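Okay, structure first, notes after.
Numbering (full-length UniProt numbering), first residue to last: 1 to 68.
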């Protein structure tokens, strides 16, 4: 499933949509509110952006500390 969700091939679009639907259904079953595939995909995207930002910030700080 992970390979499909990260694939950039246009032939995988329907599989991606189906997988996001499955994930949204599973998350909705755990929580109080209903999550749409778009909600889940947006949350995943935001989590990835934050993680990348933290990674690059840490990398910059480490590089600056080594140069000092």
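For glycine and all other residues, C-beta sits at the position ideal for the given N, C-alpha and C.
Source: prediction; values computed, not measured.
Short of 6 Å in beta carbon distance, which residues of its chain neighbour residue 73, apart from the five on each side in sequence? Order them along the chain. Outside the modelled stretch of the chain, which goes from 1 to 68, sits residue 73, for which no answer is possible.
Tell me, please, whether the region 6-13 touches the region 41-57 by the rule of three or more beta-carbon pairs shorter than 8 Å. Contact between the region 6-13 and the region 41-57 is absent, because fewer than three Cβ pairs lie under 8 Å.
Comparing C-alpha positions only, which one of 19, 29, 8, 4 sits nearest to residue 37? In the chain shown, residue 37 corresponds to position 37, counting from 1. When only C-alpha atoms are compared, the closest one is 19.
Pairwise C-alpha distance: residue 65 and residue 32: Here residue 32 corresponds to residue number 32 of the chain shown, with the count starting at 1. Here residue 65 corresponds to residue number 65 of the chain shown, with the count starting at 1. Our two residues, residue 32 and residue 65, have alpha carbons roughly 45 Å apart in a direct line.
DSSP state of residue 34, grouped into three classes? Position 34 of the chain shown holds residue 34. In this structure, residue 34 counts as coil in the three-state DSSP scheme.
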